[in-house]
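Engineer:
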Amino acid sequence: MTSGGKQILSGDGQPTRMELDRDSLDSGGGTSSLQEEEPMPKVDDEMGVLVFCGMIRSRRHISWNLLRALARQDDKEWVCIGDFNELLSQEEKWGIHDHPHYLIRNFRDVLPDCDLHDIRYTGSLFTWYMKRNSQVVAKQRLDRAVGNGKWFLRFPERSGQSLVALVFDHDPLLLDTSPDSQHTVCRRFCFDNAWLLDANLEAIMVAGWRCEGEVDLLHKKDNCVAELQL
């Protein structure tokens, strides 16, 4: 979420770019206004906000006031997901220095102001990693998903998952609103990069590869896939 605006996804999936009156946002008052480049669409179902907060801490309040302004626009279900570049507690950081307490307090204040609640997920607690000479020197949970109370009621079976990124310094987040759906889809097997972090992966692959009798390469591959899916 940049200081210049953000893409807002309406209920019909059509994005609308909205610019903020920065003077009203910088004032921190309760009269922040939205200046739209085009008419804001009516949100019939829910609103999704893709978030990226900038690195400049002194301007972080602009993003928080933007969230407050969006929360006042419509009394519908909405969810925000992305890089907030902020923490809710010191436990969300691993490293030498503590995170500034005033930044944590400001972030913790804006969520209840907008009726936004943290969506729990499985996987690693940390979503961002700093490396020096190939060694991890700091880890933080900068990425998250939050939804308002009505969104939580609409999707009671929601689930979140932190995936593994082998190239980028941020791990992607997967938000599933219906993980227990009765609809089953036949999908081809795909290797999950998260398995590379499993200490038991080598033993599983060896067990799958060692088949009794004379078997061809494809049979060995199918056996490995079956072992991985157990």
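Counting from 1, position 62 in the sequence shown corresponds to residue 62 in UniProt numbering; the numbering is continuous, with no gaps. The beta carbon of each residue, even a glycine, is placed where N, CA and C say it ideally should be. Small disclaimer: the values here were computed from a predicted structure and weren't measured.
Thinking C-beta only, is W128 closer than 7 Å to D176?
Structural biologist: As a position in the sequence shown, residue 176 is number 176, starting the count at 1. As a position in the sequence shown, residue 128 is number 128, starting the count at 1. No, the Cβ-Cβ distance between D176 and W128 is not below 7 Å.
Engineer: Quick check on this structure: which residue in L173, L153, P156, F155 has the alpha carbon closest to the alpha carbon of S162?
Structural biologist: By 1-based counting over the sequence shown, the position of residue 162 is 162. Among L173, L153, P156, F155, the Cα nearest to that of S162 is on L173.
Engineer: In angstroms, rounded to a whole number, what distance separates the CA positions of T122 and G160?
Structural biologist: The residue given as residue 122 occupies position 122 in the sequence shown. The residue given as residue 160 occupies position 160 in the sequence shown. Each residue's Cα considered, the two are about 6 Å apart.
Engineer: With D192 and D143 assumed to form a contact (beta carbons below 8 Å), what rounded beta-carbon distance in angstroms separates them?
Structural biologist: Here residue 192 is taken as the residue at index 192 of the sequence shown, counted from 1. Here residue 143 is taken as the residue at index 143 of the sequence shown, counted from 1. Not really, about 19 Å apart at Cβ, beyond 8 Å.
Engineer: Look up W78 in the DSSP assignment and say whether it is helix, strand or coil.
Structural biologist: One-based indexing of the sequence shown puts residue 78 at position 78. Looking at W78 - three-state DSSP - the assignment turns out to be strand.
Engineer: Grab me the residues of K150's own chain with a C-beta within less than 6 Å of its C-beta, minus the 5 sequence neighbours each way, in chain order.
Structural biologist: Mapped onto the sequence shown, residue 150 falls at position 150. E77.
Engineer: When the Cα of R60 is compared with those of G48, L87, K93, which residue comes out closest?
Structural biologist: Working through the sequence shown from its first residue, we reach residue 60 at position 60. Nearest C-alpha to R60: L87.
Engineer: Give me the DSSP bridge partner(s) of L173.
Structural biologist: Numbered from its first residue, the sequence shown carries residue 173 at position 173. Bridge partners of L173: S162.
Engineer: Buried or exposed for L70, please, with buried defined as at least 16 other CB atoms from any protein chain shown within 10 angstroms of its CB.
Structural biologist: Here residue 70 refers to the residue found at position 70 when the sequence shown is read from its first residue. Buried.
Engineer: Give me whichever residues DSSP pairs with W128 in a beta bridge.
Structural biologist: Counted from its first residue, the sequence shown places residue 128 at position 128. Paired residue(s): Q140, H170.
Engineer: Going by CA-CA distance only, name the one from L153, V164, N65, C53 that's closest to I81.
Structural biologist: Stepping through the sequence shown from its first residue, residue 81 is reached at position 81. I81 has its Cα closest to that of C53, out of L153, V164, N65, C53.
Engineer: Nearest to W64 by alpha carbon, out of D75, L103, Q90?
Structural biologist: Translated into the one-based positions of the sequence shown, residue 64 becomes position 64. For W64, the nearest C-alpha among the options comes from L103.
Engineer: Using the Cβ count rule (16 or more neighbours within 10 Å means buried), how would you classify N133?
Structural biologist: In the sequence shown, counting from the first residue as 1, residue 133 sits at position 133. So N133 ends up on the exposed side.
Engineer: Would you identify the three-state DSSP class for D109, choosing helix, strand or coil?
Structural biologist: Locating residue 109 in the sequence shown gives position 109, counting from the first residue. Here D109 sits in helix by DSSP.
Engineer: Does the beta-carbon of N200 have 16 or more other beta-carbons within 10 angstroms, so that it is buried, or is it exposed?
Structural biologist: For the purposes of this step, residue 200 is taken as residue 200 along the sequence shown, with counting starting at 1. Classification for N200: exposed.
Engineer: Contact defined as beta carbons within less than 8 Å: I believe L125 pairs with E92. What is the distance between those atoms, to the nearest angstrom?
Structural biologist: To locate residue 125, count along the sequence shown from 1; it is residue 125. To locate residue 92, count along the sequence shown from 1; it is residue 92. About 7 Å separates the two Cβ atoms, so the contact holds.
Engineer: Considering just the uninterrupted stretch of the beta strand (DSSP E) at D222, what are its terminal residues?
Structural biologist: Looking up residue 222 in the sequence shown gives position 222. Premise fails: D222 lies in the alpha helix (DSSP H), 217 to 228, not in any beta strand (DSSP E).
Engineer: Using DSSP with H/G/I as helix, E/B as strand and the rest coil, what is L103?
Structural biologist: By 1-based counting over the sequence shown, the position of residue 103 is 103. The answer is helix: DSSP assigns L103 an H, G or I state.
Engineer: Less than 6 Å between C-beta atoms, sequence neighbours within five positions excluded: which residues of the same chain meet that for N85?
Structural biologist: The residue labelled residue 85 in the question sits at position 85 within the sequence shown. Hits under 6 Å: C53, L142.
Engineer: Could you check what DSSP says for Q73 in three-state terms: helix, strand or coil?
Structural biologist: Taking the first residue of the sequence shown as 1, we reach residue 73 at position 73. Q73: coil per DSSP, three-state reduction.
Engineer: Taking only three categories from DSSP, how would you classify A199?
Structural biologist: The residue you call residue 199 lines up with position 199 of the sequence shown. Residue state, collapsed to three classes: coil.
Engineer: If we ignore side chains and look at the alpha-carbon of each, how far apart do M205 and I96 end up?
Structural biologist: Indexing the sequence shown from 1 puts residue 205 at position 205. Indexing the sequence shown from 1 puts residue 96 at position 96. Each residue's Cα considered, the two are about 38 Å apart.
Engineer: Using the rule of at least 16 other Cβ atoms within 10 Å of the residue's Cβ for burial, across every protein chain shown, is R72 buried or exposed?
Structural biologist: Locating residue 72 in the sequence shown gives position 72, where the first residue counts as 1. Its Cβ having fewer than 16 others within 10 Å, R72 is exposed.
Engineer: Which word fits A145, buried or exposed, when buried means at least 16 other C-beta atoms lie within 10 angstroms of its C-beta?
Structural biologist: Sequence index remark: in the sequence shown, residue 145 carries index 145 (1-based). Answer is buried; the Cβ neighbour count reaches 16.
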